[in-house]
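Comments concern the structure below.
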Amino acid sequence: MALDPALVGRGYPPSAVYEVGRQKIAEFADAIGEADPVHRDTDAARAAGHPDVIAPPTFAIALTLSAAGVVVEDPDVALDYSRVVHGEQRFTHHRPIRAGDRLVATPTIEAVRSIGGNDLLTTRVDVATEDGEPVCSATSMLVARGTA
Numbered sequence: 001m002a003l004d005p006a007l008v009g010r011g012y013p014p015s016a017v018y019e020v021g022r023q024k025i026a027e028f029a030d031a032i033g034e035a036d037p038v039h040r041d042t043d044a045a046r047a048a049g050h051p052d053v054i055a056p057p058t059f060a061i062a063l064t065l066s067a068a069g070v071v072v073e074d075p076d077v078a079l080d081y082s083r084v085v086h087g088e089q090r091f092t093h094h095r096p097i098r099a100g101d102r103l104v105a106t107p108t109i110e111a112v113r114s115i116g117g118n119d120l121l122t123t124r125v126d127v128a129t130e131d132g133e134p135v136c137s138a139t140s141m142l143v144a145r146g147t148a
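Residue numbers (full-length UniProt numbering): 1 to 148.
Laid out in structure tokens, this is it:
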């Protein structure tokens with residue numbers, strides 16, 4: 001069954017606060033093979049103009065993936081996750097994520113379309129500090145194979 005285009009623009013509540021820790025940043029940098037000391041060493045980060053260690057740009061997936069899960073679990077979306085593959089991922093950063101940030105992630109359905117018997121669902125998750133300062137946005141497109 002094809003996804004309903006009326007879902008476009010549907011927003012969801014912000015996630016719980018995610019506090020970014022230095023250790024989590026270092027672990028993520030290790031996992032992706034990022035050796036830049038600004039991800040582990042406070043002095044190196046400050047020398048580069050940052051108030052604390054900063055996360056690699058793709059670190060945002062640590063909180064945006066689970067925040068976008070509310071879309072997948074929404075019964076109105078009716079997505080058969082067993083048929084889903086990840087089609088695309090983009091990050092737009094307003095500033096680096098840094099240790100000590102207290103972030104919330106707010107998902108929105110950006111687009112729904114059907115192509116070649118497949119449904120494409122695009123979500124955007126806006127990440128901001130709990131005080132409302134924009135930090136980044138993650139846009140993700142899921143392909144539900146053979147459902148349209």
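Virtual Cβ for every residue (Gly too), placed ideally from N, Cα, C.
Residue i and residue j closer than 8 angstroms at C-beta
i, j, result
"Val112", "Val8", "yes"
"Arg95", "Glu19", "no"
"Leu142", "His86", "yes"
"Pro14", "Val72", "no"
"Leu121", "Leu79", "yes"
Residue closest to residue i, alpha-carbon to alpha-carbon, out of the options
i, options, result
"Arg98", "Ile32, Ala6, Ala26", "Ala26"
"Ala16", "Gly146, Thr129, Arg145", "Thr129"
"Asn118", "Gly100, Pro75, Gly132, Arg145", "Arg145"
"Gly11", "Val38, Thr106, Ala48, Ser114", "Thr106"
Residue i, buried or exposed, once every other Cβ within 10 Å from all chains shown has been counted against 16
i, result
"Asp4", "exposed"
"Ser140", "buried"
"Asp30", "exposed"
"Ala45", "buried"
"Ala35", "exposed"
Simplified DSSP state of residue i, which is helix, strand or coil
i, result
"Glu27", "helix"
"Glu73", "helix"
"His86", "strand"
"Leu63", "helix"
"Asp119", "strand"
Worksheet item: Any contact of the region 81-96 with the region 129-136, i.e. 3+ C-beta pairs under 8 angstroms?
Response: yes
Worksheet item: Is the number of C-beta pairs between the region 103-111 and the region 43-58 that are closer than 8 angstroms three or more?
Response: no
Item to complete: Mind the definition here: the region 114-126 touches the region 61-80 only if three or more C-beta pairs lie below 8 angstroms; say whether that holds.
Response: yes
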